[in-house]
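Under the numbering used here, the residues of the sequence shown are numbered -18 to 123, in order.
Here's the structure, in structure tokens; my notes come after.
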Amino acid sequence: MYNTIIMPVDVFEMELSDKAVRHAEFLAQEKGIIHLMHVLPSSGNLSMHRFAMDVRRFEEHLLQEAQTRLASMTDHFNISPERIKTHVRFGSVRDCVNTLANELDADVVVIGSRNPSITTHLLGSNASSVIRHAHIPVFVIR
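Given below as structure tokens:
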């Protein structure tokens, strides 16, 4: 069905992603590649110069932890591990999804989402932000 599928996940909140795994697998069929992506918040705009080294160490720790958890998530799929690629980026989910979509010439995004609540209506959610700014189809899985 689709050759290149981007699946943004929160490795620290796996229950959102669990529901989306089967949908991504279905869309990938026999030849599609699933690109799992976790986005960490960027600290580049922090004005704590005295703590720059500590912030960098903390970011490195978060990056390693995210990569480890993302790699272990490939076990949740029933497709060949060679067809699952992992990416960890810093920034906003919306921007990172769009950047990766452009880099890979992706076909579709599959993202898990909670049922809307008053906080997501007031503040927005990552899924709704991706939907509003994506230039490729987005499947939202609840």
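No residue lacks a Cβ here, since even glycine has one placed at the ideal position from N, Cα and C.
Just so we're clear, the structure is a prediction, and the values are computed from it rather than from any experiment.
DSSP, read as helix, strand or coil, puts I117 in coil.
With the rule of 3 Cβ pairs closer than 8 Å, the region 83 to 95 does not count as touching the region 50 to 59. K66 has H16 as its beta-bridge partners, per DSSP. The region 37 to 46 and the region 5 to 14 do not touch, with fewer than 3 CB-CB distances between them shorter than 8 Å.
Within the same chain, Cβ atoms closer than 6 Å to the Cβ of G93 are found at L(-3), S(-2), K0, A1 and I122, the five residues on either side in sequence being excluded. Taking a 10 Å sphere around the C-beta of M(-18), we find fewer than 16 other C-beta atoms and assign the residue as exposed.
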